[in-house]
Structures are given as C-alpha cells and as structure tokens.
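The working numbering applies: residue 30 is where the sequence shown begins, and numbers increase by one. Here a beta-carbon is modelled for each residue, glycine too, at the ideal position from N, C-alpha and C. Being a predicted model, the structure only gives us computed values, none of them experimental. Structure first, then comments.
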Amino acid sequence: MATGLAVKRMAKERKELEKENPDYFVVFKDDDLLKFDAYVVGPDDSLYRHKLVKLHFEIPREYPMKPPTVKFIQHTGNRIHPNLYVDGKVCLSILGTWQGEPWAYSMTPYKHEPGKGDNPEFNAFVQYTTWKSLLLDYLEREAEPAAKSWLQKYVRQNGQDMLRDLARQHAANARRIQFSCPYKNVRVQADYPKLTRSLQALVSAFQPKPVEEMASRSSPLVMAPTPRENATLKRKCGPEAEDMPRSQARAQEQKHGMLREPEKKKRAKHIEVIDLT
Numbered sequence: 030m031a032t033g034l035a036v037k038r039m040a041k042e043r044k045e046l047e048k049e050n051p052d053y054f055v056v057f058k059d060d061d062l063l064k065f066d067a068y069v070v071g072p073d074d075s076l077y078r079h080k081l082v083k084l085h086f087e088i089p090r091e092y093p094m095k096p097p098t099v100k101f102i103q104h105t106g107n108r109i110h111p112n113l114y115v116d117g118k119v120c121l122s123i124l125g126t127w128q129g130e131p132w133a134y135s136m137t138p139y140k141h142e143p144g145k146g147d148n149p150e151f152n153a154f155v156q157y158t159t160w161k162s163l164l165l166d167y168l169e170r171e172a173e174p175a176a177k178s179w180l181q182k183y184v185r186q187n188g189q190d191m192l193r194d195l196a197r198q199h200a201a202n203a204r205r206i207q208f209s210c211p212y213k214n215v216r217v218q219a220d221y222p223k224l225t226r227s228l229q230a231l232v233s234a235f236q237p238k239p240v241e242e243m244a245s246r247s248s249p250l251v252m253a254p255t256p257r258e259n260a261t262l263k264r265k266c267g268p269e270a271e272d273m274p275r276s277q278a279r280a281q282e283q284k285h286g287m288l289r290e291p292e293k294k295k296r297a298k299h300i301e302v303i304d305l306t
C-alpha cells in the first residue's frame with residue numbers, strides 16, 4: 030500500500046517537476062517514478078553563479094510521510110560546501126539529516142555549517158574549484174540524452190557570461206599560486222589559463238553551426254523545369270519527361286536536338302589603312 034501511495038503521488042509530482050524551470054532541470058530514467066536526477070542552477074548572487082549541483086533522488090515507500098534520499102553527485106572529490114559531502118551525503122534539515130536552519134543556497138558557504146563563521150579563503154577555493162566540479166565535469170561526463178541536451182542548451186545560453194565571469198576572477202586573483210580548503214588541508218594549484226581553455230572549448234563546441242556551413246553540407250538544390258519547358262519536354266520526349274529535374278530535362282533536350290550550341294561570335298576582319306597622301 031505504501032509503495033502504491035508513493036508511486037501515485039510521484040505520478041502527479043512528475044508532471045510539475047518536468048515543467049521547464051530556470052532554477053532546475055529534472056530527468057527521470059525510463060519509467061521509474063521513484064528514482065530521478067536533478068540539476069540545480071546556482072543563484073546569480075552567490076559563488077555558485079553559472080554552476081550546477083547534480084542530485085540523485087530516491088523516493089521511499091513511505092513517501093510523502095518520509096522524505097526522499099538525496100545524493101550529491103560530483104567527480105572531482107573536493108568539498109565545495111559544508112552541507113555537501115564528497116561521499117554524496119547531503120545535510121539539510123528538510124531531509125531530516127541535520128537539525129538546523131534550512132539551506133539558503135545564496136549565502137556564503139561557511140555560514141551553512143553550525144558554529145562556523147564566514148571564511149574568505151574557503152569562499153575563494155569554492156569559487157575557483159567549482160568551475161570544474163560543478164560545471165565542466167558534468168558537461169564532459171553526462172550520458173543521459175535528455176540531461177546532455179539540457180546541459181548543452183544551458184551552455185549556449187550562458188557560455189559568454191561564464192567566460193566573462195571567469196576572466197574577471199582571473200584578474201582579481203592574478204597573483205594567486207594556489208587555493209586552500211580548511212577541510213583535510215586540501216590545496217589546489219591556481220591555473221586560470223587551463224581552466225579558461227577548457228571552458229572555451231566546450232562553449233565553442235555547443236554553439237549552433239553557422240548557416241554557411243550547414244548549407245555547404247546540405248544536398249545541392251535541384252530546380253524543376255518551368256511550365257513552358259515541361260510542355261516542350263512532354264511534346265518531344267513523352268509524358269514521362271514532365272516534372273523531371275531541370276538538369277535531367279536539359280540532357281533530354283540535348284538528346285532530342287532541342288538545344289543548340291550557342292553560335293560563336295565572328296571576329297571582325299582587320300582592315301589595313303593605307304595613307305595616300
């Protein structure tokens with residue numbers, strides 16, 4: 030009965046979750062209503078601007094009385110938020126995993142941890158490393174067709190802004206050699222040129238093809254004969270010649286002597302002028 034209730038509830042919620050939303054994208058795998066992935070878009074007023082957080086949801090049999098299980102998906106291995114762990118654990122009061130204030134995504138990262146204050150060094154670490162862990166890794170590794178298509182569209186719409194933001198951050202941290210994280214004393218070398226090249230390559234790859242390039246790859250235009258040409262072909266070559274492509278029609282015309290080679294212009298004879306004076 031519990032499983033039936035969860036499925037029935039999710040059948041209704043799926044319609045809402047799959048509606049286009051600027052803040053997130055949800056993709057269900059096959060017809061399993063109790064498992065799905067979501068990409069959450071980082072707020073513009075935060076260190077996570079243009080970044081994405083991928084979450085995997087599993088709905089329990091007791092849903093909605095019991096909250097879903099949520100796993101944070103990343104591939105780099107860096108701690109980029111106090112409530113998002115490297116092993117995938119997500120600590121949020123709404124999920125029953127942390128008895129504290131609900132997660133306010135737009136706040137600076139360290140303010141989410143109980144008993145901790147803001148830490149500029151960790152904020153700088155997060156801003157730099159999440160270009161890879163919360164954007165580039167997803168773009169390179171996503172295999173689900175629907176999610177991959179959405180990611181490419183997201184980059185097409187925001188790619189130039191991403192590159193401008195990264196350039197500004199590079200200028201602000203031009204003298205930095207490394208970024209450090211207070212968790213496990215992690216240090217990451219600052220390499221903005223490499224990061225910029227990686228982002229630029231993906232932004233360029235996902236841009237729509239130029240019209241000229243698409244036209245060159247398309248099949249050549251085949252022109253149909255005019256009504257007058259059709260009538261002549263039908264009279265000379267039979268009914269089957271009507272509406273054939275113009276190139277083929279011209280071949281038939283030449284075969285039946287309907288086309289004449291253009292006459293060459295006669296060159297004017299040279300007249301010698303004799304001086305009689």
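Query	Result
When DSSP labels each residue in this structure, what does Lys100 get in the three-state scheme?	strand
At a threshold of 7 Å, does Glu87 count as lining the ligand MG (C-beta to nearest heavy atom)?	Absent from the structure shown: the ligand MG. Ligands present: none.
Below 8 Å between beta carbons: does that hold for Val215 and Val184?	no
According to the neighbour-count rule (16 or more other Cβ atoms, all chains shown, within 10 Å of its Cβ), is Glu171 buried or exposed?	buried
Classify Tyr53: buried if its beta carbon has 16 or more other beta carbons within 10 angstroms, exposed otherwise.	exposed
Classify Ser178 as buried or exposed, calling it buried when 16 or more other Cβ atoms lie within 10 Å of its own Cβ.	exposed
Which same chain residues, not among the five before or five after Gln229, have their C-beta less than 7 Å away from its C-beta?	Leu192
Going by DSSP, which residues form a beta bridge with Ser209?	Arg216
For His85, which residues does DSSP report across the bridge?	Asp66 and Lys100
According to DSSP, is Asn187 helix, strand or coil?	helix
Leaving out five residues before and five after Val69 in sequence, what residues of the same chain have Cβ atoms less than 6 Å from its Cβ?	Tyr53 and Val82
In or out: His104 buried (at least 16 other Cβ within 10 Å) or exposed?	exposed
Report yes or no: do the segment 85-100 and the segment 55-71 share at least 3 C-beta pairs separated by less than 8 Å?	yes
Does the beta-carbon distance from Thr158 to Asn107 come in below 8 Å?	yes
With Val22 as the anchor, note down where its beta strand (DSSP E) starts and where it stops.	Limits of the chain in this structure are 30 at one end and 306 at the other, which puts residue 22 out of reach.
State buried or exposed for Lys161, treating a residue as buried only when at least 16 other CB atoms are found within 10 Å of its CB.	buried
Counting only the same chain and skipping the five closest in sequence on each side, list residues whose C-beta sits under 6 Å from that of Leu9.	Because the chain here runs from 30 to 306, residue 9 falls outside it and cannot be looked at.
Go through its chain and collect everything with a Cβ distance to Glu142's Cβ below 7 Å, but skip five positions before and after it.	Confidence is the limiting factor: at Glu142 the pLDDT is only 44, short of 50, which leaves the residue's position unreliable, though a coordinate-based value still follows. These residues qualify, in order along the chain: Pro111.
Please tell me whether Tyr14 and Ala153 are closer than 8 Å, where the distance is taken between their beta carbons.	The chain is shown from 30 up to 306; residue 14 falls before or after that span and cannot be answered.
Throw me the rounded Cβ distance for the Gly71 and Lys58 pair, which I believe falls under 8 Å.	Actually they do not touch by this definition, with Cβ atoms about 24 Å apart.
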